[in-house]
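First up is the structure itself, then whatever we jot down about it.
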Amino acid sequence: MSTTTATKVRRRVKRRLTKNEVTLLAKLITGLPSNQAVSWESIVALAKRQFDHVWTRQALQAHPDIKNAYSEHGKLHSQFCKTGKTPRATAPEIDVLQQKLDKEQAENAQNRETLRQYDELLCTYVTNALKHGISPEQLAAPLVRPYRAQSDSPRPRTKKARQSRNS
Numbered sequence: 001m002s003t004t005t006a007t008k009v010r011r012r013v014k015r016r017l018t019k020n021e022v023t024l025l026a027k028l029i030t031g032l033p034s035n036q037a038v039s040w041e042s043i044v045a046l047a048k049r050q051f052d053h054v055w056t057r058q059a060l061q062a063h064p065d066i067k068n069a070y071s072e073h074g075k076l077h078s079q080f081c082k083t084g085k086t087p088r089a090t091a092p093e094i095d096v097l098q099q100k101l102d103k104e105q106a107e108n109a110q111n112r113e114t115l116r117q118y119d120e121l122l123c124t125y126v127t128n129a130l131k132h133g134i135s136p137e138q139l140a141a142p143l144v145r146p147y148r149a150q151s152d153s154p155r156p157r158t159k160k161a162r163q164s165r166n167s
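Structure, rendered in structure tokens:
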């Protein structure tokens, strides 16, 4: 009696790339160093290492994000081959925004220092006022509003203006 062992052949399940996988793979391609040449075979291998699934070149190339990342990396690599220098890692817009941020942070530091000086000056004024006999209640009293009826009236305030008006 012989027993034959039947081995089942496992078929590979077709699997589509999700949007998150496409985005992650595009970021990985963009993050590769520009001095490293990239081929579609290396991208297929990268996808296999990352997601433990093998997609064909055509399946990966069908996604515009991956295709754009591949072509952008190809441009950066050719630029590196021509000049021998790695291209800028950041876009010029990011540099401009970083400069604005640095300027704002410097201005904030300067404003904090000015505020500290004003606080120190206020403490000096309060201390001197208390030394000269002004009570804390008098210091905390609200300011007296100036009498504005004089400036709000339509009649002239100077003698010359009154004389010219009466004549």
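Counting along the sequence shown from 1, when you hit position 167 you're at 167 in the UniProt record's numbering, and nothing is skipped either side.
Every residue, glycine too, gets a C-beta built ideally from N, C-alpha and C.
{"Query": "State buried or exposed for Tyr70, treating a residue as buried only when at least 16 other CB atoms are found within 10 Å of its CB.", "Result": "buried"}
{"Query": "Are Ser34 and His77 closer than 7 Å when you measure CB to CB?", "Result": "yes"}
{"Query": "In the DSSP assignment, the alpha helix (DSSP H) including Ser42 goes from what residue to what residue?", "Result": "40-51"}
{"Query": "Under a Cβ-count criterion, where at least 16 other Cβ atoms within 10 Å of its own Cβ denotes burial, should Leu25 be classed as buried or exposed?", "Result": "buried"}
{"Query": "With H, G and I counted as helix, E and B as strand and the rest as coil, what does DSSP make of Thr127?", "Result": "helix"}
{"Query": "Is it buried or exposed, Ala141, if we count other Cβ atoms within 10 angstroms and call 16 or more buried?", "Result": "exposed"}
{"Query": "The alpha helix (DSSP H) with Leu28 in it runs from where to where?", "Result": "19-31"}
{"Query": "For the putative contact between Trp40 and Arg57, defined by C-beta atoms under 8 Å, what is the C-beta separation to the nearest angstrom?", "Result": "4 Å"}
{"Query": "I need the DSSP call for Tyr118, collapsed to helix, strand or coil.", "Result": "helix"}
{"Query": "Could you tell me the distance, in whole angstroms, from the CA atom of Val38 to the CA atom of Asp95?", "Result": "28 Å"}
{"Query": "Leaving out five residues on either side along the sequence, give the residues of the same chain with a beta carbon under 7 Å from the beta carbon of Leu65.", "Result": "It is Asp, not Leu, that sits at residue 65 in the sequence shown. Around Asp65: Val22, Thr23, Ala26."}
{"Query": "Whose C-alpha, out of Lys131, Glu72, Val13, Val54, is nearest the C-alpha of Leu32?", "Result": "Glu72"}
{"Query": "Compare the C-alpha of Leu139 against each of Thr127, Ala59, Gln117, Asp52 and name the closest.", "Result": "Thr127"}
{"Query": "Can you grab the Cα-Cα spacing for the pair Glu113 / His132, in whole Å?", "Result": "29 Å"}
{"Query": "For His132, which of helix, strand or coil comes out of DSSP?", "Result": "coil"}
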